[in-house]
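Trainee: Its first residue numbered 163, the sequence shown is counted upward by one per residue in the numbering used here. Ideal Cβ positions, reconstructed from N, Cα and C, are used throughout, including at glycine. This one's a predicted model, so the numbers in the text were calculated from it and none came from an experiment.
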Amino acid sequence: MKLTIITSCGAWGGAEVQTAGLANRLAERGHRVTLVTYGTDQYARHDWDRRPEVELIHHDAPAPKADFGWAAAWALVRPLDGDVCVVSKPSYDHGNWRLELAPRLRFRRFFTIEQCTGDAPLPKTSRRYLFGLLPGPGLWWYRYRLRLRLRAMGPRRVVCVSDGLKARLVNDYSYPHKKLLTVHNGIDSARYRPDPAQRLKTRQAWGVPDDALVFGAVGRLAHMKGYDMAIDAFAKLRAGRPNLDPWLVLTGEGQEEGRLRAQAKAAGCGERVVFAGFNARPWEAHVGLDVFVMPSRTEGLPLSLLEAMASGCRPVAMGVGGIPEVITSPSLGWLVAPEDRAGFLAGLAAAADASPEECARMSECVVDHARTHFDARTQFDRVVEVIESL
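1) Is the region 319-339 touching the region 263-279, taking contact as three or more C-beta pairs under 8 Å?
2) Output needed for I393: all residues of its chain with C-beta closer than 8 Å, excluding positions within five of it in sequence on either side, in chain order.
3) Spell out the partners DSSP gives T344 in its beta bridges.
4) Residues in the same chain with beta-carbon distance under 6 Å from L451, minus the five sequence neighbours each way, listed in chain order, please.
5) For F437, which residues does DSSP report across the bridge?
6) Could you give the first and the last residue of the continuous beta strand (DSSP E) run that contains V195?
7) Identify whether C171 lies in helix, strand or coil by the three-state DSSP scheme.
8) For the alpha helix (DSSP H) that contains E501, what are its first and last residues?
9) What does DSSP give as the partner residue(s) for M456 in the beta ladder?
10) By the three-class DSSP mapping on this structure, what secondary structure does K398 have?
11) Any contact between the region 257-268 and the region 216-230? By contact I mean 3 or more CB pairs, one from each, below 8 Å.
12) Output the boundary residues of the beta strand (DSSP E) element that contains T274.
13) Return the residue from the list W445, Q277 and M471 that minimises the CA-CA distance to V455.
14) Thinking just about the alpha-carbon of each residue, which of G369, L327, Q360 and G176 is nearest to the one in L482?
15) According to DSSP, simplified to helix, strand and coil, what is T181?
16) Here's the rule I'm using: 16 or more other beta-carbon atoms within 10 Å means buried, otherwise exposed. How should A223 be labelled?
17) Exposed or buried, which one is N186 when buried takes at least 16 other CB atoms within 10 Å?
18) Would you tell me roughly how many angstroms separate the C-alpha atoms of M163 and I349, rounded to the nearest one?
19) Among I168, V449, G509 and L301, which has the Cα closest to the Cα of P285?
20) Is the CB-CB distance between A131 and A225 below 8 Å?
21) List the endpoints of the continuous alpha helix (DSSP H) containing S466.
22) Rounded to whole angstroms, what is the Cα-Cα separation between R289 and Y200?
23) How long is the line joining the alpha carbons of D373 and V548, rounded to whole angstroms?
24) In chain order, what residues of the same chain have a beta carbon less than 7 Å from the beta carbon of Y306, not counting five sequence neighbours either side?
25) Can you name, in chain order, every residue of its own chain whose Cβ lies under 6 Å from the Cβ of W445, other than the five neighbours on each side?
26) Alpha carbon to alpha carbon, what distance is there between P356 and D530?
Put into structure tokens, the structure is as follows:
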């Protein structure tokens, strides 16, 4: 079977890792795969062990969140061919309804993979006339809802990375439930695993003591990740525990870095917050952490959380998107209500207060859970079965 995968890219992250892994797995199963990217050319810049059977094409199309016109959408799909077209979307607001109807017209079989929800749907508003006495019809809102409905009509099937994301598409974006199915993201447990020797090397590179308590995260420094809440909670933890000398390490890059640095300095903890920069080998960063923090404002099913757990990190995370589908019991970490700053601080404190025996027991549990339930090969094969069934 010949397959075309279309995906956008603004920065390299979990969605890109999953799309690259799916392309490789399809090739391993004997399919011919063409991976077409638009936005930034991250897939060509990163070494993701691309199999020789996977053809990589970068298209000079609008940025990921641009509003595609018909000409741009058709120019992207017209030269392509194949038995099945897959559009892998890092976020719902990548592309638009034209970019999901164009593949439906070009290919006999077309489906999408949804990695994360976008912004909340717009509420209905309208102008008022006759000195505010008569409401307008709000035609813009009906056109907006029509575009959402057209996006839902485009693909024959939609793979969601979490049940939370699937519910959001049904309730907020008018997707028919029968089109949707959930396939969780997966990790390479041979690569993401506890590694005491690498742990020491990573901490030396960070300038962090070997025996320090290290909180941290690996991901884009973006508003949606909520790292401002992590710094705020970390500063309060240090202030309330003068005998505790923890560190916070943020591995990644993004437009929020300057603001986060300034926040850490203003909070009086700048000397204990390390901005480690982008790491093309994130498995080396994860093993340097004791506690993985994820105060995200929105997520699909975060790959970095799974990677951290497979590396033995105990997680403290806010329960957005598919995170409650990962941290399913107290033995697997601390699950906090969305935007609950006090609860997040309490989770950090509980992680800091855990005894060495409790830490070891939880680390063992999270490693086993990640390997058992979120194996990349198993999850990719489930998506491949959906493709082959079309």
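Mentor: Taking the coordinates as given:
1) With the cut-off at 8 Å, the region 319-339 and the region 263-279 touch.
2) Close CB contacts of I393 within its chain, under the 8 Å cut and outside five residues either way in sequence, are with L410, L422, Q425, A426, A429, C431 and V435 (chain order).
3) Answer is C322, bridged to T344.
4) Within the same chain, L451 has close Cβ partners V376, G378 and C475.
5) L412.
6) Membership of V195 in the beta strand (DSSP E) is indicated by the continuous run R194 to G201.
7) Under the three-state reduction of DSSP output, C171 falls in the strand class.
8) According to the DSSP assignment, E501 belongs to no alpha helix (DSSP H), since it is labelled neither H nor E.
9) The partner list for M456 (beta bridge, DSSP) reads A479.
10) K398 carries a helical assignment under DSSP once its states are collapsed to helix, strand and coil.
11) Three or more beta-carbon pairs drawn from the region 257-268 and the region 216-230 are found closer than 8 Å, and the two stretches are therefore classed as touching.
12) Note, T274: beta strand (DSSP E), R271 to E276.
13) Out of W445, Q277 and M471, M471 has the C-alpha closest to the C-alpha of V455.
14) Per the sequence shown, the amino acid found at residue 482 is Val instead of Leu. When only C-alpha atoms are compared, the closest one is L327.
15) In the structure shown, T181 sits in a helix (DSSP, three-state: H, G or I).
16) With a 10 Å radius around the Cβ and a threshold of 16 neighbouring Cβ atoms, A223 comes out buried.
17) The residue in question, N186, is buried, as its Cβ has 16 or more Cβ neighbours within 10 Å.
18) Separation of M163 and I349 (C-alpha to C-alpha, rounded to the nearest whole angstrom) is 26 Å.
19) Residue L301 is the option with its Cα nearest to P285.
20) Here the chain has residues from 163 to 552 only, and residue 131 is not among them.
21) Per DSSP, S466 belongs to the alpha helix (DSSP H) from L465 to A472.
22) Cα to Cα, R289 sits roughly 38 Å from Y200.
23) One alpha carbon belongs to D373, the other to V548, and they sit about 47 Å apart.
24) For Y306, where only same-chain residues beyond five positions count, the Cβ hits under 7 Å are L284.
25) R353 and Y354, listed in sequence order.
26) Their backbone Cα atoms lie some 11 Å apart in a straight line.
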